[in-house]
Amino acid sequence: MRQYPLSYGRHPHMTQAATNNRDTMTHDLFAQMREQVLIALRTLVPDLPDEVAARVEVTPTRDPAHGDMATNAAMVAAKLARQPPAKLATGLVAYLGEAPDVAEAAAAGPGFVNLRLDPAAYRALIPTILRTGEHYGDSTIGTGVRVNVEYVSANPTGPMHIGHCRGAVVGDALANLLAKAGFEVTKEYYINDAGNQVTALAWAAYWRYLQAIGTPLTEEEFSNEVPGGLQYRGEYLIPVGNALAAEHGRSLANDDLGIAAPDLWIDRVRNVTIDTMMREIHVDLAQLGVQQQVFSSERALVASGAADATIDRLAADGLIYEGVLEPPKGKAPDDWEPRPQTLFRSTQFGDDVDRPLRKSDGSNTYFANDISYHADKIDRGFDILIDVLGADHGGYVARMRAAVKALSGGRTKFEAVLCQIVHIMRGGVPVRMSKRAGSYVTLSDLLDEVGKDAVRFTMLTRNADAQMEFDLDKVLATTRENPVFYVQYAHARIRSVLRAAAEILPPEAMTDAVLAGADLGSLQADAELALMRRLAAWPRTAEGAALAREPHRIAFFLYDLASDFHMLWNRGKDDAALRFLQKDRPVETLARLALIAATAVTIRSGLAVMGVTPVEEMR
RNA sequence: GCGCCCUUAGCUCAGUUGGAUAGAGCAACAGCCUUCUAAGCUGUGGGUCGGUGGUUCGAAUCCACCAGGGCGCGCCA
C-alpha cells in the first residue's frame, strides 16, 4: 500500500554504479557494496531476474562480531539457483573476499554473507564528507518526481496554538527530507477562509468593534443576536475591533451602538479579520522557522468558480448523484432523518461510503472545496500529494484519496501523514489549555520560553503517529536525557576542539578543505571505527526516512551519532594519548580533527533537515 | 455497530519496510572528575514484543481472530 516504486533497490541507474567512479555516483558505502554483491551474484547466477536482484539488500550488522555489513543475497537467490542458501553463500564469499574494500567475507547463519570492510574504505569516506559538506546524505531517488507537501493549514480564526505546532514541524522537516532525497518539493499552506467558521469569526470581531465604539450591549445580549451564538471570545480580537473602529468610526453599526444588518459590515469585517489573523500566523510560522512557498485560499477558490468547475468535472464523469445515505450503525443519531444529498461516488475508489458535496443552503461542503483544491494541485503537475493532518482527520483520508484517484485517473498519488496529539507537561503535570496568563495557549508563548530549535527537535523525537508528551522542563534540561541538548552538545564540543586546535596548528589547516587532505592512516581505534561506521550509515538513513515519510528517524540517527562521538571524546578522559589534540604528533592530530570535522558536517546535514540551527558553543 | 491508528524492559520510546542472540534513555546497582567542556563516561541486572493461531528458510514486523487504549463515522473544518 505504501510502496513507492523508487526504492533504490529497483532504481534502474544503480546497476551501472559499480562501473563508475564512486564519487560521481553515490556516497553511500552500502549502495556501493550492494553493487559488488550483485556482480558476484550474477557471476554465480547468470540469468538473475531483476525482481530477485531488487530484493538483495546490504545492511549494517546488528552485532559488530558479524562484521560491518551483511547481505541476504544467497537466501534471496537460493530458490532460483536451485542451491541451498549456505552453498550459494559460500560461493559468494569466494568472490566477495577478493572485492575492493572488503577485508573479509564469511558465510553465516541461514545463508547470510557477512562483510568486514577494509578500514581504508571508511577512512576514504571522511574526505568525501568534508568536500561534500551538508549535502552529504543527499540522494537521487526522488529525481524527477514532483511532490507537494501541505501542512499546518490552520483556520485563520486565531493565533496558532500547540495543536498546530507538531504538524508544522513534521511537515516542514518532511519536505526538507524529501528535497534531500532529490524530490522536487513544494511546501504549501491551505487557508480555510471560507465557510461557517470564518463567518463566526467575523461576528466575534464585530463584537470587539462594538465594544470599541462603546456599545451598551452585554456580551450575552450580543451573543443572543448571533446565529449560532458568539464563538471566538478570546482577547486577541480586541485589536481588530479597535482598528475597525479607528478606520470606520460608527459607520459599520449604522451610526448606532447596536447591531446593524450584517450585510452592511460582514464582508468587510471578515476580510480585515482574516487578513490580520493570517499576518499573525505568518509571524508565528516565521518564528518557528517554517516558510511555505505557496498559500492557497479556499475563499479564492470558491470565488473564482474553480470549486464548482471541479464538481462539474466529476459530474461529467458520472461520479456525482443525488442520493440518500444510510445512517451510521450503532451511533444512535438523535436527529437522523433520511434526506437527499449531492454525493460523490467515492466508494468507486475505495472509500466506505459516498460523501456529500453540498450543504442544504446550496454552498459547498468543506470536502467539496478541498477536492477542488487537490484538483488544482494535480493540475499543477505534482506526482505525489502529501497532506500532513491531525489524527482527528484520519477518517478523511480515504475520501480524499478516492477524490485524487478519480480526478487524476490514478496518475497522482495521495498520501496522508497523521500527527497524534501532543500533551504539554511541566514537571510531569499536564499544562491546561487556559486563557489565563501563565499557561500555554499560543505557539508564540511556547517559542518564547523554549526556543525554536528545542521545539522543532523535540517534536521530531517521536513517530508522528504516536502520541507524545512535551515536557517543558525536560526540553531545556542539559542532560543526556534530552536529545536536543545531547546532539547540540556534540556539535559544540567538536567546534570547541577545532578552536583549541588553532593554538597548536596553523589556523589555515582547520578548514574542511585542508582536513580533507589529511593522512588518515592512524585512525584505527575501535571507537574511531565505530564513529566512521555511523557516518557511513547517514545516506541510507536519510533515504530510508524519506521513503517512509518519517522525519523522526533523523533525530534518532543524530542521537546515536552524538553518542558515538561523546564515547570517543571520553576515551581521552581515561588516556591522554587518545585525545584529539596531540601537541607533538601533527599527523595524528590532523587525522582525528578530520574525523570529528566530518562528524560535525554530518550533524549539520541532519539538523538542516530538521530545521534546527547547530550551536558553536555551550557555556 | 463499522473503519483507521496504537499495545515492545518498572517508566518514556527506537527497531534500518521479513533477517542472525529485540536496542537506547530514565529509574536501580557498582565504579569513574587536576584534563580537548564530568552538562559526562564505563559496567551489571531487567523481555512470553498484549493473546492465540497461520503464512516461510526466517515474524516484533505480513494475515485472521480475540483483549485493552486512542481517533473518526450525513451539510464542523
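First residue of the first sequence: -5, per our numbering; consecutive thereafter.
Glycine included, every Cβ here is placed at the ideal spot set by N, Cα and C.
Can you tell me which of the options puts its alpha carbon nearest to the alpha carbon of residue i?
i: Gly384; options: Thr359, Ile415 and Ala392; result: Ile415
i: Ala100; options: Asp62, Glu292 and Leu74; result: Asp62
i: Lys446; options: Tyr130, Trp259, Leu282 and Gly85; result: Leu282
i: Ser298; options: Ala48, Asp370, Gly356 and Pro321; result: Asp370
i: Gly157; options: His546, Glu502, Ala495 and Met453; result: Met453
i: Ala255; options: Trp532, Pro221, Arg565 and Ala239; result: Pro221
i: Gly421; options: Ala539, Arg76, Ala471 and Ala162; result: Ala471
i: Ala494; options: Ile185, Ala542, Phe574 and Val481; result: Phe574
i: Thr535; options: Arg393, Ala460, Leu171 and Gly375; result: Leu171
i: Leu86; options: Ala540, Arg36, Arg49 and Phe216; result: Arg36
i: Ile305; options: Trp532, Val277, Ala540 and Leu337; result: Leu337
i: Ala496; options: Ala486, Lys577, Leu562 and Trp532; result: Lys577
i: Pro58; options: Thr593, Leu587 and Leu525; result: Leu525
i: Thr151; options: Phe177, Arg56, Cys159 and Asn190; result: Asn190
i: Gly312; options: Gln286, Asp513, Gln342 and Gln285; result: Gln342
i: His546; options: Ser357, Ala34, Ala169 and Leu523; result: Ala169
i: Thr359; options: Val491, Asn186, Met612 and Gly344; result: Asn186
Ignore the nearest five residues each way along the sequence and tell me which others in residue i's own chain have a CB closer than 6 Å to its CB.
i: Ala519; result: none
i: Thr65; result: Val31, Val52 and Val107
i: Gly403; result: none
i: Ile372; result: Leu401, Ser402 and Thr406
i: Asp377; result: Val139 and Arg140
i: Val163; result: Arg450 and Met453
i: Leu601; result: Pro608
i: Ser599; result: Glu128, Tyr130 and Gly131
i: Trp330; result: Pro321
i: Ala556; result: Tyr480, Val481 and Ala484
i: Pro477; result: Thr455 and Tyr553
How many angstroms separate the CA atom of residue i from the CA atom of residue j?
i: Met504; j: Leu23; result: 26 Å
i: Ala530; j: Asp386; result: 39 Å
i: Glu182; j: Arg543; result: 17 Å
i: Glu443; j: Leu437; result: 10 Å
i: Val39; j: Gly103; result: 21 Å
i: Glu45; j: Gly136; result: 21 Å
i: Ile232; j: Val288; result: 29 Å
i: Thr455; j: Ala549; result: 6 Å
i: Ala239; j: Asp250; result: 13 Å
i: His560; j: Val508; result: 24 Å
i: Ala118; j: Asp166; result: 33 Å
i: Asp17; j: Tyr230; result: Per-residue confidence for Asp17 stands at a pLDDT of 41, beneath the threshold of 50, marking its modelled position as unreliable; no derived number is given.
i: Val603; j: Ala173; result: 9 Å
i: Ala594; j: Gln461; result: 31 Å
i: Leu42; j: Thr84; result: 18 Å
i: Gly223; j: Leu211; result: 15 Å
i: Gln77; j: Ala521; result: 40 Å
For residue i, report the span of its alpha helix (DSSP H) as first-last.
i: Ala34; result: Leu23 to Leu38
i: Gln482; result: Pro477 to Ala495
i: Met394; result: Val391 to Ser402
i: Asp465; result: Element bounds for Asp465: not the alpha helix (DSSP H) but the beta strand (DSSP E), Met462 to Asp465.
i: Glu214; result: Glu213 to Glu219
i: Val192; result: Asn190 to Ala206
i: Met561; result: His546 to Asp568
i: His276; result: Pro256 to Gln281
i: Asn149; result: Note, Asn149: premise wrong, no alpha helix (DSSP H); not H, not E.
Would you mind reading off the limits of the beta strand (DSSP E) that contains residue i?
i: Gly384; result: Ile378 to Gly384
i: Val107; result: Phe106 to Leu111
i: Lys407; result: Lys407 to Cys413
i: Ala64; result: Met63 to Thr65
i: Ile418; result: Val416 to Arg420
i: Val52; result: Val52 to Pro54
So, for residue i: in the same chain, excluding its five sequence neighbours on each side, which residues have a beta-carbon less than 7 Å away from its beta-carbon?
i: Asp459; result: Leu412 and Gln414
i: Asn363; result: Ala188, Glu292, Leu295, Val296 and Ala301
Kindly identify the DSSP beta-bridge partner or partners of residue i.
i: Ile185; result: Ser291
i: Val318; result: Pro334
i: Asn142; result: Thr180 and Leu379
i: Ala100; result: Asn108
Tell me which residues share the same chain as residue i and place their Cβ nearer than 8 Å to its Cβ, disregarding the 5 neighbours each side in the sequence.
i: His368; result: Leu379, Met394, Ala397, Val398, Leu401 and Phe408
i: Gly511; result: Pro121
i: Gly375; result: Arg140
i: Gly566; result: Leu572, Arg573 and Phe574
i: Pro334; result: Glu316, Gly317 and Val318
i: Ala97; result: Arg110, Leu111, Asp112 and Pro113
i: Leu246; result: Tyr200, Tyr203, Leu238, Ala254, Leu258, Trp259, Arg262 and Val263
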